[in-house]
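Q: Residue numbering for the sequence shown follows this note's numbering, starting at 24 and increasing by one per position. This is the structure I want to talk about, given as structure tokens.
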Amino acid sequence: MFALRPKRELIEWFRRFWADKERGISMELLVEFTGVSKKTLEEVARRGNRPMQDWVQSALSKFAHEWEAGMIEVYQRPNRTKAIR
């Protein structure tokens, strides 16, 4: 189980993550994993998306926890597309 991060802390973490061009995961895969639209993720990264909805906070907290713990793996399929597991 993961702990829900405070919104302000989560926004700062996600802004740094979004700006990192060497992050290792595309925004398309991030959208797939979190279920949060790219537009909403862009709003979080650029404007802080305040007030952040609780479900977005939960989805991003789960992603941050699993990403930092190394639980998310990005791999390439035989058809050269990328996926996560």
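All residues carry an ideal CB built from backbone N, CA and C; glycine is no exception. Since we're looking at a predicted model, the values are computed, not measured.
#1: Beta-carbon within less than 6 Å of Arg38's beta-carbon, same chain only, minus the 5 sequence neighbours each way: which residues are those?
#2: What are the complete alpha helix (DSSP H) segments, minimum 4 residues, inside the segment 58-86?
#3: For Gln80, is the classification buried or exposed, using 16 other Cβ atoms within 10 angstroms of its Cβ as the cut-off for buried?
#4: Looking at the structure shown, is Ala42 part of a helix, part of a strand, or coil, going by DSSP?
#5: In the structure shown, what three-state DSSP assignment does Ile107 receive?
A: Straight from the coordinates:
#1: Reading the sequence shown from its first residue, position 15 is the one you call residue 38. Taken in chain order, the residues that qualify are Ala68.
#2: Complete alpha helix (DSSP H) runs here, min 4: 61-70.
#3: The residue labelled residue 80 in the question sits at position 57 within the sequence shown. Burial call: buried.
#4: Taking the first residue of the sequence shown as position 1, residue 42 is located at position 19. Helix, per DSSP.
#5: Here residue 107 refers to the residue found at position 84 of the sequence shown. It is a strand residue.
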